[in-house]
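For the working numbering, count along the sequence shown from 1 and bump the result up by 9.
Backbone N, C-alpha and C fix where the C-beta goes; we use that ideal spot for every residue, glycine too.
These figures come from a predicted structure and were not determined experimentally.
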Amino acid sequence: MKGENLQGLVEFVAQSLVDQPTEINVETHTRGNTVYLNLHVAKEDMGRVIGKGGRVANSLRTLLKVAAARDGNRTKLDIVEPE
Numbered sequence: 010m011k012g013e014n015l016q017g018l019v020e021f022v023a024q025s026l027v028d029q030p031t032e033i034n035v036e037t038h039t040r041g042n043t044v045y046l047n048l049h050v051a052k053e054d055m056g057r058v059i060g061k062g063g064r065v066a067n068s069l070r071t072l073l074k075v076a077a078a079r080d081g082n083r084t085k086l087d088i089v090e091p092e
């Protein structure tokens, strides 16, 4: 999957998890065959996106890894803490 498709996947999953879906922003850039994604959500939605012990975040990373591997790419997802 290209970066745009991975970005859409992250946005779709995050919107289903949070209370404020309009606050979601995903930044994407590619270096070599690795797609870097930065997910920004509202401060009060951080816990929903990360989950207990990071389970939700890790599940999302696994989903991205599988989606990107189909095209021989790699992904790295960072959930950016709001200021």
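Problem set entry | Test item: CB-CB of ARG83 and LYS74 under 9 Å | The residue labelled residue 83 in the question sits at position 74 within the sequence shown. The residue labelled residue 74 in the question sits at position 65 within the sequence shown. In this structure, ARG83 lies near LYS74, with their beta-carbon atoms less than 9 Å apart.
For this session: Let me know if ALA78 comes out buried or exposed under the rule of 16 or more other beta-carbons within 10 Å of its beta-carbon.
Result: Numbered from 1 along the sequence shown, position 69 holds the residue referred to as residue 78. Label assigned to ALA78: exposed.
Exercise. Can you name the start and end residues of the beta strand (DSSP E) that ASN47 belongs to?
Worked result: Taking the sequence shown and counting its residues from 1, one reaches residue 47 at position 38. It spans 43-49 - the beta strand (DSSP E) in which ASN47 sits, taken as one unbroken run.
Problem set entry | 8 Å contact criterion, which GLN24 and ALA51 should meet: CB distance rounded | Taking the first residue of the sequence shown as position 1, residue 24 is located at position 15. Taking the first residue of the sequence shown as position 1, residue 51 is located at position 42. GLN24 to ALA51, Cβ: 12 Å. No contact.
Exercise. Run through DSSP, which three-state label would VAL27 get?
Worked result: By 1-based counting over the sequence shown, the position of residue 27 is 18. Coil.
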